[in-house]
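Quick note, the sequence shown lines up with residues 15 to 336 if you use the numbering used here. Ideal placement from N, C-alpha and C gives every residue a C-beta, glycine not left out.
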Amino acid sequence: LNDLKDKFFSFVAHNLKNPFNTIMGFSELMRRAADSKDQEKITQYSGLIYNLSTQVQKVLTNLLDWSRLQRRNFEVKFETVELTGLIKDVVEMNNKEAARKDISLNINTTGNVFVVADRSMITTVLQNLVANAINFTPAAGRISIDCKVKDQNTEVTITDTGIGISADKLERLFDFDFSQARVGSSDHSGAGLGLVICKEMLLKNGGTISAISEAGMGSSFTFTLPVSIRHDELADEQALHAEKTPMDVANDLVMSTAPVDEALAKVLSSRVIPQFDEVSKVLSIENLERFSKTLIHTGESHNLTAMADFGKSLASLTLGHQ
15 LNDLKDKFFS
25 FVAHNLKNPF
35 NTIMGFSELM
45 RRAADSKDQE
55 KITQYSGLIY
65 NLSTQVQKVL
75 TNLLDWSRLQ
85 RRNFEVKFET
95 VELTGLIKDV
105 VEMNNKEAAR
115 KDISLNINTT
125 GNVFVVADRS
135 MITTVLQNLV
145 ANAINFTPAA
155 GRISIDCKVK
165 DQNTEVTITD
175 TGIGISADKL
185 ERLFDFDFSQ
195 ARVGSSDHSG
205 AGLGLVICKE
215 MLLKNGGTIS
225 AISEAGMGSS
235 FTFTLPVSIR
245 HDELADEQAL
255 HAEKTPMDVA
265 NDLVMSTAPV
275 DEALAKVLSS
285 RVIPQFDEVS
295 KVLSIENLER
305 FSKTLIHTGE
315 SHNLTAMADF
325 GKSLASLTLG
335 HQ
């Protein structure tokens with residue numbers, strides 16, 4: 015552990031020193047260009063500073079994540095996660111960079127998939143893999159993300175048409191070596207911690223990760239996670255809710271054991287729900303104002319403070335648009 019700690023601090027000292035010196039050097043050049051009002055050089059130097067700063071920031075984030083994972087008291091917060099939605103969120107975060115390189119980024123899934131995992135850690139895994147795919151794929155390339163359930167596991171595969179990985183590097187891809195890691199200024203340089211972190215996070219979540227690649231032929235990374243035992247139940251429940259109309263919801267409320275008297279049920283069915291349906295389809299100030307007044311009146315008439323307060327909050331939105 016002491017040897018590992020010494021290597022860690024040595025890595026930080028030696029590999030982050032050069033990038034910061036480079037940043038300082040370009041900052042000085044940009045200051046001189048500003049004095050001479052050379053806009054072209056200012057733009058060039060600021061771009062270099064931004065790119066290198068972004069790279070260093072990613073390295074520091076990975077170092078902090080790796081450090082946290084080494085602690086024995088590190089807590090994994092398990093919850094039921096809808097994985098398809100999480101993939102879409104990560105893709106959305108990376109769409110801008112993919113578009114900049116004219117890379118097509120596609121998701122292939124058979125529907126909603128539920129897993130039991132730490133949401134934050136799986137987000138980090140997806141972000142690392144998608145960002146790597148974009149980073150190592152040339153302009154006009156393709157990246158696809160496939161998500162499917164196989165036996166009791168969910169398989170997520172990120173495939174790219176990038177530069178690929180040689181056989182010797184593929185063997186030690188998920189084993190971090192401080193002596194070999196380097197931080198540079200090129201697009202394809204980095205500390206090499208990202209995939210190590212992915213492996214450790216997936217192991218803590220009961221998952222696995224593997225890679226298939228060939229130099230010049232692209233790469234394919236696959237990770238697995240245990241499917242939630244409530245997968246089918248949650249999927250059916252979500253489909254059921256998606257099919258319900260506002261009137262269905264009102265009828266369910268009336269038929270339930272909730273304290274809804276006949277007068278309130280009539281108001282909900284005849285006035286509140288139809289107006290909600292109208293506002294949700296075509297939002298206009300007039301509709302919103304009328305709906306808010308209905309909520310306030312209904313809430314105050316039936317001692318439903320929360321409904322009345324919500325109506326007042328909606329009414330406040332219309333004040334600036336009279």
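query	result
Between which two residues does the alpha helix (DSSP H) harbouring S81 extend?	Q53 to Q84
Confirm, please, whether the CB-CB distance from I117 to I148 is below 8 Å.	yes
Using C-beta distances below 8 Å, list every residue in its chain close to I157, excluding the 5 sequence neighbours before and after it, in chain order.	A112, I117, S118, L119, N120, V144, A147, I148, T151, I172, T173, D174 and T175
Hey, quick one: how far does the alpha helix (DSSP H) through R285 stretch, first residue to last?	Neither: R285 is in no alpha helix (DSSP H) and is coded neither H nor E.
Less than 8 Å between the CB atoms is what I'm expecting for V104 and Q58, so what's the real figure, rounded?	Their Cβ separation, rounded to whole angstroms, is 32 Å, which puts V104 and Q58 out of contact at 8 Å.
Under 7 Å Cβ to Cβ from H316, same chain only, skipping five residues before and after it: list those, please.	L278
Using three-state DSSP, classify A320 as helix, strand or coil.	helix
Between D182, T319 and I136, which has its C-alpha nearest I226's C-alpha?	D182
Within 10 angstroms of the Cβ of D17, are there 16 or more other Cβ atoms? Answer buried if so, exposed if not.	exposed
Considering only residues of the same chain and omitting the five flanking positions on each side of D132, which have a CB-CB separation below 8 Å?	V90, K91, F92, E93, M215, K218 and N219
Could you say which of Y64, L74 and K55 lies nearest to M44 if we only look at CA atoms?	K55
Measure the CB-CB distance between T209 and F188 and report whether it falls below 8 Å.	A quick correction: the sequence has Leu, not Thr, at residue 209. It is a contact, given that the beta carbons lie within the stated cut-off.
Who pairs with K164 in a beta bridge, going by DSSP?	N167
Using 8 Å as the threshold, is the C-beta distance between G155 and E228 below it?	no
Could you pull the DSSP bridge partners for R156 from this structure?	S118
Shortest alpha-carbon distance to N65 belongs to which of S41, W80, F235 and L77?	S41
To the nearest angstrom, how far is the alpha carbon of N109 from that of K115?	10 Å
Quick one: Cα of D165 to Cα of L78, how far?	35 Å
Tell me whether T123 sits in a helix, a strand or coil according to DSSP, three-state version.	strand
With 8 Å as the threshold, decide whether the Cβ of M135 is near any Cβ in chain C.	Protein chain content of the structure displayed is limited to a single chain, and chain C is not contained in it.
Going by C-alpha to C-alpha distance, which of F305, E96, Q69 and K307 sits closest to L207?	Q69
Is it true that the CB of F324 sits closer than 8 Å to the CB of L302?	no
Going by C-alpha distance, which of Q71, T75, M321 and S134 is nearest I101?	S134
If you reduce the DSSP assignment to three classes, tell me which class F40 lands in.	helix
If you draw a straight line from the C-alpha of T36 to the C-alpha of S330, how long is it?	53 Å
Would you kindly work out how many angstroms separate the C-alpha atoms of V26 and I211, rounded to a whole number?	17 Å
Give the range of the beta strand (DSSP E) segment to which L239 is assigned.	S233 to P240
With F305 as the anchor, note down where its alpha helix (DSSP H) starts and where it stops.	I299 to S315
Measure the beta-carbon distance from L282 to F305 and round it to whole angstroms, keeping in mind my assumption that it falls under 8 Å.	Incorrect: roughly 13 Å between the Cβ atoms, too far for contact.
In angstroms with no decimal places, state the Cα-to-Cα distance between V241 and S224.	18 Å
Just the Cα atoms here: how many angstroms apart are I63 and V73?	15 Å
Would you list the one or two residues that DSSP bridges to E96?	F128
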